[in-house]
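S.K.:
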Amino acid sequence: MTAGSLFSWSSPFIVKIINDKENYNITEEEASYFTVIPPLTMTVSTFLLSRLNDIIGRKPTMILLAVPYSMAFVLAAVAKNIWMFYASRMLAGIGDGLVFSTVPIYVGEVSTPKVRGVWGNALTFAIYLGQLLINIIGSYCSVAVSSYICISVPIAFVILSFYIPDSPYFYIMKGRFDEAKNALRKLRGVEDVEEVFLQLKSDVHRQMSETGTWKDLFYIDSNRRALFAGIFLRASQQFAGISAFAVYTQYIFAKSGGDLSAEVSSIILFGAVCIFNVVGAYTLDIFGRRKSYVVSIFFLWEALYFFVEQFDVGIDVSSLNWVPLTGMLFYVVFYSVGIGIVPTLMLGELFSASIKSKGLAILSIIFGLIVCAITKLFHVMVTNFGLYSPFLLFSVGCLISTVLALYLVPETTGKTLEEIQQSLKGNKKTKLSVIEVR
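Each residue of the sequence shown is one higher than the last, beginning at 10 in this note's numbering.
1. Have a look at Phe360 and Leu58 and give me their C-alpha separation to the nearest angstrom.
2. Nearest by alpha-carbon distance to Gln216: which of Gly102, Arg234, Ile364 is it?
3. Just curious, the alpha helix (DSSP H) that Asp201 is in, first and last residue?
4. Just verifying my parser: in three-state terms, what is the DSSP assignment at Pro419?
5. Three or more C-beta pairs under 8 Å: does that hold for the region 126-141 against the region 45-61?
6. Helix, strand or coil: how does DSSP classify Asn191 here?
7. Helix, strand or coil: which one does DSSP assign to Gly221?
8. Do Ala255 and Ser20 count as a contact pair if the criterion is CB distance below 8 Å?
9. Suppose contacts are defined by Cβ-Cβ distances below 8 Å. Is Thr384 in contact with Thr44 by that definition?
10. Can you tell me whether DSSP reads Ala101 as helix, strand or coil?
11. Identify every run of the alpha helix (DSSP H) within the region 129-166, keeping only runs that are complete inside it and at least 4 residues long; order them along the chain.
12. Return the chain-ordered ranges of every alpha helix (DSSP H) run that is complete within the region 337-379 and spans a minimum of 4 residues.
13. Apart from the five residues just before and just after Thr353, which ones in its own chain have a Cβ nearer than 6 Å to its Cβ?
14. Considering Cα atoms alone, identify which of Ile164, Ile168, Ile72, Leu49 is closest to Tyr115.
15. Quick check on the burial criterion: 16 or more other C-beta atoms within 10 angstroms. Buried or exposed for Gly184?
16. Measure the CB-CB distance between His250 and Pro399 and report whether it falls below 8 Å.
17. How is Ile65 classed by DSSP in three states: helix, strand or coil?
18. Under three-state DSSP, which class holds Trp92?
Shown next, in the form of structure tokens:
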């Protein structure tokens with residue numbers, strides 16, 4: 010949730026900070042780097058901190074998240090110049106590196122195949138909820154007040170985290186079998202976990218018997234297949250435009266005009282994201298193959314509107330003020346039930362225990378670089394070509410992703426983590442298909 014709030018922090022505050030010359034005196038160009046610094050910092054922090062998962066455990070690593078996130082809010086609250094804001098955004102990026110390299114692993118390891126889809130979506134939902142929160146609070150409160158309110162979230166997380174067990178996978182990896190059994194009892198809600206424990210122990214030992222070097226990510230077929238699938242999932246998600254929209258939400262609505270204010274429109278948008286994300290967690294098998302295609306159509310619709318407005322081709326668009334919000338809401342519906350869920354959900358499923366931390370570190374670094382590039386590219390394209398241009402780019406990205414998803418993404422629904430590994434190895438007993446994107 011804090012990750013979402015800090016990621017979309019620039020949405021309500023860029024305009025406020027730029028216009029408040031009395032307190033900040035910051036230019037639009039300087040403020041544009043608020044969106045670039047967190048993902049760029051995440052690439053570095055992920056590489057440096059990725060081993061913490063296997064050294065101190067998943068749960069302690071997650072607790073550490075509160076430190077950079079809390080400091081990021083404190084710095085934002087007291088900032089009076091651009092460098093203090095940049096430092097705040099760097100701390101947010103460090104926290105993001107820990108989130109995306111730890112939470113998917115934890116959720117994937119503590120969930121059963123039957124509920125892993127729902128619980129795996131929890132991270133995505135929490136991020137969207139945080140984006141909604143910062144757009145609500147930031148629209149009506151100052152930077153300082155908003156920061157002090159939001160700092161309560163990481164503090165509450167630390168308190169609540171003491172009541173959850175660490176991953177039984179981690180305990181087995183370290184030979185702490187009694188703690189693994191206790192964790193399973195808490196997670197499954199039953200006393201007799203011997204059969205589950207023995208199966209899990211066998212799976213972990215088999216996976217840990219494999220070598221787990223950085224080179225193995227590229228030289229072992231199953232690891233390479235998982236890595237390429239993860240890269241594609243992250244890239245396709247970002248080329249659907251969600252990160253650019255998340256950090257420039259109010260800017261987009263203010264630029265396009267409309268019957269509602271940019272603040273109200275952004276709140277409606279992220280409220281819809283949260284609602285349909287929950288729906289999507291249960292209906293992922295229904296909204297499949299044509300999803301990316303439909304998203305593309307609505308992006309093209311949006312692009313056409315901004316093209317007409319930008320170049321004034323003689324068409325009266327004064328009666329089309331409802332198009333920006335309506336088009337974005339349709340985008341949210343189709344994004345939330347498919348491409349908005351699957352990448353984060355699958356991050357904790359694709360890699361074996363021996364290579365998981367390294368695999369997620371690579372994916373988080375690539376994710377950070379793509380987000381950095383996309384958010385900066387959005388600003389450059391809007392400045393030089395108009396607001397229609399990034400929408401056109403994202404629509405093409407969705408069309409390409411629709412085709413590639415059928416060949417690059419393995420199906421993991423209803424499978425244990427061991428069954429997924431056997432699928433990636435080409436074991437004929439475990440059928441390998443593709444995620445339907447319809």
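Backbone N, C-alpha and C define an ideal beta-carbon position, used for all residues, glycine too. Bear in mind the structure is a predicted one, so any value in this text is a computation, not a measurement.
M.R.: Let's see:
1. Taking the sequence shown and counting its residues from 1, one reaches residue 360 at position 351. Taking the sequence shown and counting its residues from 1, one reaches residue 58 at position 49. Each residue's alpha carbon lies about 18 Å from the other.
2. In the sequence shown, the residue the question calls residue 216 occupies position 207. Ranked by Cα distance from Gln216, the options Gly102, Arg234, Ile364 are led by Ile364.
3. Looking up residue 201 in the sequence shown gives position 192. Asp201 -> no alpha helix (DSSP H), and no H or E assigned at all.
4. The residue labelled residue 419 in the question sits at position 410 within the sequence shown. In this structure, Pro419 counts as strand in the three-state DSSP scheme.
5. Touching, no, given that fewer than three Cβ pairs across the two stretches are closer than 8 Å.
6. The sequence position of residue 191 within the sequence shown is 182, counting from 1. DSSP places Asn191 in helix when its eight states are reduced to three.
7. Numbered from 1 along the sequence shown, position 212 holds the residue referred to as residue 221. Gly221: coil per DSSP, three-state reduction.
8. Locating residue 20 in the sequence shown gives position 11, where the first residue counts as 1. Locating residue 255 in the sequence shown gives position 246, where the first residue counts as 1. Yes; because the gap between Cβ atoms is below 8 Å, this pair is in contact.
9. Here the question's residue 384 lines up with position 375 in the sequence shown. Here the question's residue 44 lines up with position 35 in the sequence shown. In this structure, Thr44 lies closer than 8 Å to Thr384 by Cβ.
10. Against the sequence shown, residue 101 aligns to sequence position 92. Here Ala101 sits in helix by DSSP.
11. 131-149, 152-159
12. 351-356
13. Along the sequence shown, one-based indexing puts residue 353 at 344. Here the set comprises Leu132, Thr133.
14. In the sequence shown, residue 115 corresponds to position 106, counting from 1. When only C-alpha atoms are compared, the closest one is Ile72.
15. Position 175 of the sequence shown, counted from the first residue, corresponds to residue 184. With fewer than 16 other Cβ atoms within 10 Å, it is exposed.
16. The sequence position of residue 250 within the sequence shown is 241, counting from 1. The sequence position of residue 399 within the sequence shown is 390, counting from 1. Note that residue 250 is Gly in the sequence shown here, rather than His. Yes; because the gap between Cβ atoms is below 8 Å, this pair is in contact.
17. In the sequence shown, residue 65 corresponds to position 56, counting from 1. Ile65 falls in the coil class under three-state DSSP.
18. For this step, residue 92 is matched to residue 83 along the sequence shown. Note: Trp92 maps to helix in three-state DSSP.
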